[in-house]
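Here is the structure we will look at.
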Amino acid sequence: MSNFTFQDYMTAVQAVILFLGLGLTVWTLRSQKKDAKNLATLNLIIHQRNDSKFNDASNLLTELIKNKNTYSDLSSYLNDSKSEEAEAILTVLNFREFVSVGINNGIIDEKTYKNAFCSVFVRDWNNLENTIKALRKSNNNKNTLFQDFEVLAKKWIKQPLKVKVK
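Going from the sequence shown to this note's numbering is simple: count from 1 and add 4.
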């Protein structure tokens, strides 16, 4: 026969309950973190779609690019930091960097945001890459300017959205 006493069985049951409780706690925390990340991402998408300042800046940036005969960069517009063009360029760059930092640090869900804005995001990188390089050069080769935007854009260029098959 077994030498286990009632107290030994109760200790074993308590240990099992404790480990199940810890497992459930870990699962709950991970689930809440994922839910919070998804909610933050959806709030960001809604904000971006409704942000008239950002949308106006993005539209002006598109016009600047269309009207530039010999496109190399738009940094000449930044000479007058109070101009509408300079504010538009910096608004778009700062917003793209903000989103990129969030995604690169795991605060914003990359898959959801990429599905919503990949083509526009990559388009902005392609249109602003030379401008960013000129900004870095004029700021003593400060390569950290908009570095998260660069990292994420290059990643998405290498790993574009895939066509969803029905």
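Backbone N, C-alpha and C fix where the C-beta goes; we use that ideal spot for every residue, glycine too.
Item: Enclosing alpha helix (DSSP H) for Gln52 [first to last residue]; Value: Phe10 to Asn54
Item: Own chain residues within Cβ distance below 7 Å of Asp152, not counting five before or after; Value: Glu101, Ser104, Val105 and Asn108
Item: Asp113 beta carbon less than 8 Å from that of Thr45; Value: yes
Item: Contact belief for Phe58 with Thr95 at Cβ below 8 Å, rounded distance in angstroms; Value: 6 Å
Item: Distance, Leu33 Cα to Val20 Cα; Value: 20 Å
Item: Test item: CB-CB of Ala61 and Glu91 under 8 Å; Value: yes
Item: Rounded separation between Ala157 and Asn54 - CA only; Value: 23 Å
Item: Local Cβ density within 10 Å of Lys162, reported as buried at 16 or more and exposed below that; Value: exposed
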